[in-house]
Amino acid sequence: MARKPGQSATRTEKCAPGYAEAVASELSPWFRRRQRELPWRQSADPYRVWLSEIMLQQTQVVTVIPYFERFVARFPTVADLARADEQDVLRLWEGLGYYRRARQLLAAAKVIASEHDGTFPRTLDALLGLPGIGRYTAGAIASIAYDLPAPILEANTVRLLARLAAIEGDPTTAEVQQQLWRLAEDLLPRKRCGEFNQALMELGSLVCTPREPKCGECPLRVLCAAFQQGRQDELPTPKAKQVFENVREAAVIVEHRGRIFLRQCAAGQRWAGLWDFARFAVSAKRGRAFQQELISKVREQAGLDVERLEKFTTLKHGVTRFRITLDCYLAQCAKPPRLKPDSQWVKPDELVDMPLSTTGRKLARLLLAEKARH
Ligand code: SF4
19 MARKPGQSAT
29 RTEKCAPGYA
39 EAVASELSPW
49 FRRRQRELPW
59 RQSADPYRVW
69 LSEIMLQQTQ
79 VVTVIPYFER
89 FVARFPTVAD
99 LARADEQDVL
109 RLWEGLGYYR
119 RARQLLAAAK
129 VIASEHDGTF
139 PRTLDALLGL
149 PGIGRYTAGA
159 IASIAYDLPA
169 PILEANTVRL
179 LARLAAIEGD
189 PTTAEVQQQL
199 WRLAEDLLPR
209 KRCGEFNQAL
219 MELGSLVCTP
229 REPKCGECPL
239 RVLCAAFQQG
249 RQDELPTPKA
259 KQVFENVREA
269 AVIVEHRGRI
279 FLRQCAAGQR
289 WAGLWDFARF
299 AVSAKRGRAF
309 QQELISKVRE
319 QAGLDVERLE
329 KFTTLKHGVT
339 RFRITLDCYL
349 AQCAKPPRLK
359 PDSQWVKPDE
369 LVDMPLSTTG
379 RKLARLLLAE
389 KARH
């Protein structure tokens, strides 16, 4: 069924004849003129495509560029990554957040080394069998590196496609996702699928922006239902507002004979694989009860008896739906330490090389600055 500009997509509608071709023919020349020079676009190496797509999940292009460059300088090929130590990978990832991505990247590289002779798989099914690779990432690698006709759907294209076809409803729901995937598939040209997918992402990122899309300079405006209906600011339908929860936590930097206590966060914990100071949720508000809570929680978590607790700083940060107030303390280890497994004492300057969470890194920097002053 033909959909004219201004008509909304229905749940069963396919693209009108000629519509996909019209989109591709407007988009390609625009992309060739306007695409940014990005380090991962210098080649169609599947390793670089994969790495960039994983880093770009939930993270802005400008933030990713230096991380990408450092990562490929250290691990130029998937074989180099497969041999890497997880700690080195996490240290390079530090600050990008969502550390599960880094661990799965390493796990997938090891699978490629052991099960695919070190060569990146070339089929969608084989790509989907790798840890951390879902439909979107598999589609991006297959289309960009191998020019296979695989659709993609990520934040920029969700927004662009929802507007292009005036698709109603929360785009995170299964029903709307299904419509969007189908549209992404229907729009794919027969050839140069990788270029087409990148053009969609680029247009979404540069022109069809979340707020105030630049419809006046959009090559697709005559084909865009939202623009024709004047609804580009209403679509995609906003998600229900996130409700945040305030949480109080404490971090205790425990010292013993000039060394600092660190523990490695276990699998399943926030920041699994990274190192951290003693850190836990607290309920007591202040005074003696609060001090007692800190002492008993350090004992429970780290197996250490601490004394001379001294307030160091307070940091505020967010993790998913939690808004965390982190009260940070310095303390001395009172008795000769009995270390639990996955714990260690490090010299202050060794903190620089340890993979830490963002707040752990902030604390480490503050601590080193404090020590440099004395
Ligand atoms: Fe987005 Fe506007 Fe282009 Fe439509 S015309 S795709 S709303 S930028």
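So the mapping is simple: the working numbering equals the position in the sequence shown, first residue as 1, plus 18. Positions of the beta carbon are idealized from the N, C-alpha and C atoms, including for glycine. Quick caveat, the model's predicted, so the values are computed rather than measured.
Bridge partners of residue 274, per DSSP? 277
Rounded separation between residue 79 and residue 148 - CA only: Looking at the two C-alpha atoms, the distance is approximately 24 Å.
Just confirm the distance between the C-beta atoms of residue 158 and residue 67, as a whole number of angstroms; I'd bet it's less than 8 Å. 6 Å
Who are the Cβ neighbours of residue 239 in its own chain at under 7 Å, not counting the five residues just before and after it? 233, 245
Is it the case that the Cβ atoms of residue 83 and residue 114 are separated by a distance below 9 Å? no
Residues bridged to residue 297 [DSSP beta-bridge criterion]: 269
By the three-class DSSP mapping on this structure, what secondary structure does residue 403 have? Any property of residue 403 remains undetermined from this structure, which presents the chain solely from 19 to 392.
Nearer than 8 Å: is that true of the beta carbon of residue 244 relative to any heavy atom of ligand 1? yes
Using 10 angstroms around the beta-carbon of residue 161, count the other beta-carbons present and answer buried if the total reaches 16, otherwise exposed. buried
Is residue 232 near ligand 1, with its Cβ less than 8 Å from a heavy atom? yes
For residue 137, I'd like the list of residues in its chain whose CB is within less than 6 Å of its CB, leaving aside the five on either flank, ordered along the chain. Cβ neighbours of residue 137 beyond the five flanking positions: none.
Within 8 Å, do at least three Cβ pairs link the region 280-293 to the region 360-379? yes
Local conformation of residue 383 per DSSP, three classes: helix
Can you tell me whether residue 264 is buried or exposed, with buried defined as 16 or more other CB within 10 angstroms of its CB? exposed
One or two residues paired with residue 335 in a DSSP bridge: Under DSSP, residue 335 shares a beta bridge with 342.
Can you tell me whether residue 305 is buried or exposed? The criterion is at least 16 other CB atoms within 10 Å of its CB, across all chains shown. exposed
Proximity test, residue 178 beta-carbon vs ligand 1 heavy atom, cut-off 8 Å: Within the cutoff, so yes.
Tell me which same chain residues have a C-beta within less than 8 Å of the C-beta of residue 52, skipping the five on either side of it? 220, 224
Buried or exposed, going by whether 16 or more other CB atoms sit within 10 Å of the CB of residue 190? exposed
Of all the CB atoms in chain C, is at least one closer than 9 Å to the CB of residue 213? Absence of chain C from the displayed structure is noted, only one protein chain being present.
Buried or exposed for residue 37, please, with buried defined as at least 16 other CB atoms from any protein chain shown within 10 angstroms of its CB. buried
In terms of residue numbering, what span does the alpha helix (DSSP H) encompassing residue 216 cover? 211-224
Chain-order list of residues whose beta-carbon lies under 8 Å from that of residue 360 (same chain, five-residue window excluded): Taken in chain order, the residues that qualify are 281, 282, 284.
Mind checking who residue 351 pairs with in its DSSP beta bridge? Answer is 324, bridged to residue 351.
Inter-stretch contact at 8 Å, needing at least 3 Cβ pairs: the region 325-332 / the region 344-352: yes
Using CA coordinates, which residue listed in 353, 266, 322 is at the minimum distance from residue 336? 266
Assuming residue 289 is part of the alpha helix (DSSP H), what are its boundary residues? Where residue 289 is concerned, there is no enclosing alpha helix (DSSP H), given that its DSSP letter is neither H nor E.
With DSSP as the reference, label residue 364 as helix, strand or coil. strand
Residue burial classification, residue 370 (beta-carbon count within 10 angstroms, cutoff 16): exposed
Start-end ranges of the beta strand (DSSP E) lying completely within the region 61-102, minimum 3 residues: none
Excluding the 5 residues flanking residue 384 on each side, which residues of the same chain have their C-beta closer than 7 Å to its C-beta? 331
For a test of your reading of the model: does the CB of residue 300 fall under 8 Å from any non-hydrogen atom of ligand 1? Yes or no. Proximity of the beta carbon of residue 300 to ligand 1 is not indicated: no heavy atom of the ligand is located closer than 8 Å.
Got a sec? Which residues, its chain only, sit under 6 Å from residue 295 by beta carbon, not counting five neighbours each side? 269, 271
As a quick exercise: from 65, 226, 116, 72, pick the residue whose alpha carbon is nearest that of residue 338. 116
Given 8 Å as the limit, tell me if residue 110 has its C-beta closer than that to any heavy atom belonging to ligand 1. no
Residue 239 CB to nearest heavy atom of ligand 1 below 8 Å: Residue 239 Cβ: within cutoff of ligand 1.
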